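Everything below concerns the one structure shown next.
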Amino acid sequence: MLVLPIKRVWFDKIKTGEKREEYREFKKYYHSRFQKYMPKKVGPREYIAPMFEVIFRNGYEHNSPKIKCKCILDIGEGKQKWGAIPGQTYYILKILEVLEVRNDVQV
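Just so we're on the same page, the numbering used here is the position in the sequence shown counted from 1, plus 260.
This is how it looks when you write it as structure tokens:
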């Protein structure tokens, strides 16, 4: 399962259901992490995107707030209102469902 850090503003928007996509730069680092989740070609113009779970963590400590989500992966341009830069290509984690929210507090 992937564990990805996320800023608080986006964490809160995912938690409330306002934000349905999370973006990661289209770089070699993420290509190696996302490779097994890429959509698979099953026909001339048909793809199947496997669902997988991601934990978005607001911070780097083990007790930081977390959201576990069911996602599929896509590549494309993101929405500016959700933090994307216009014209830039991203790995897009499309959030299908929020499975669990843990709001552990750092002291």
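Backbone N, C-alpha and C define an ideal beta-carbon position, used for all residues, glycine too. These numbers come from a predicted model, not from an experiment.
I327 is a Cβ neighbour of K275, given a cutoff of 8 Å.
Partner residues in a beta bridge of F286, as assigned by DSSP, do not exist.
DSSP places K275 within a helical segment (H, G or I) once states are collapsed to three. Beta-bridge partners of K267 (DSSP): none assigned. Per the coordinates, the alpha-carbon of I355 lies some 18 Å from the alpha-carbon of P325. Membership of G303 in the beta strand (DSSP E) is indicated by the continuous run 300-303.
In the three-state reduction of the DSSP assignment, K339 falls in the coil class.
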